[in-house]
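In terms of the numbering used here, the sequence shown opens at residue 8 and continues consecutively. Some notes on the structure that comes next.
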Amino acid sequence: AVCSSNPTPCKDPPDKLFTVHGLWPSNVNGSEPKKCKTTILNPQTITNLIAQLKIIWPNVLNRKAHVRFWRKEWRRHGTCVYPTIADDMHYFSTVIEMYITKKQNVSEILSKANIKPEKKFRTRDDIVNAISPSIDYKK
């Protein structure tokens with residue numbers, strides 16, 4: 008979807024799996040907090056996670072700038088999840104954990120509903136109906 012809707016086209020062919028678009032906190036009123044603290048991502052902190060992150064949360068617009076992309080995501084969204092998520096390592100390992108668990112692996116959930124990453128239009132309802140039974144809403 009990012010490759011199809013972005014003014015800057017993806018340089019690589021699309022992956023054959025759905026990838027993470029982001030992990031954002033939200034306020035009770037539904038708004039997204041942004042840039043909450045001035046903590047900067049230190050790439051050495053997540054060195055052990057980089058191989059997995061390149062697969063599940065790639066920078067699809069520039070495959071050579073993954074760390075810059077993750078740094079932006081951390082600064083914009085990750086810094087707002089404290090104290091639920093303690094730091095950058097916890098933020099990125101949470102993304103990996105959410106992706107690889109069967110309950111929240113959106114790629115696997117959509118695949119079971121015969122929704123594949125291909126250039127085929129899907130309605131919002133198609134996506135919601137496929138994902139909703141697998142999501143545990145805790146409010």
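Yeah, the Cβ is synthetic: ideal placement off N, Cα and C, and Gly gets one too. In this text the structure is predicted, and so the values were computed from the model without any measurement.
Contact under 8 Å by Cβ, Pro140 with Leu24: The sequence position of residue 140 within the sequence shown is 133, counting from 1. The sequence position of residue 24 within the sequence shown is 17, counting from 1. Contact flag unset, no.
Coarse secondary structure for Ser45, derived from DSSP in three states: Counting from one through the sequence shown, the residue named residue 45 turns up at place 38. The residue asked about is misnamed: residue 45 is Thr in this sequence, not Ser. Here Thr45 sits in coil by DSSP.
Residue from Gly37, Trp77 and Lys41 whose Cα sits closest to the Cα of Asn49: By 1-based counting over the sequence shown, the position of residue 49 is 42. For the residues Gly37, Trp77 and Lys41, the minimum Cα distance to Asn49 belongs to Trp77.
Those runs of the alpha helix (DSSP H) which lie wholly inside the segment 46 to 102 and span at least 4 residues: 57 to 63 and 73 to 83
Which of helix, strand or coil DSSP assigns to Ala137: For the purposes of this step, residue 137 is taken as residue 130 along the sequence shown, with counting starting at 1. In this structure, Ala137 counts as helix in the three-state DSSP scheme.
Ile134 versus Leu117 - alpha carbon distance: As a working mapping, residue 134 is identified with position 127 in the sequence shown. As a working mapping, residue 117 is identified with position 110 in the sequence shown. Taking the straight line joining both Cα atoms gives about 7 Å.
Of the listed residues Leu60, Asn136 and Asn121, nearest to His28 (C-alpha basis): Residue numbering aside, residue 28 sits at position 21 when the sequence shown is read from its first letter. Closest option to His28, Cα to Cα, is Leu60.
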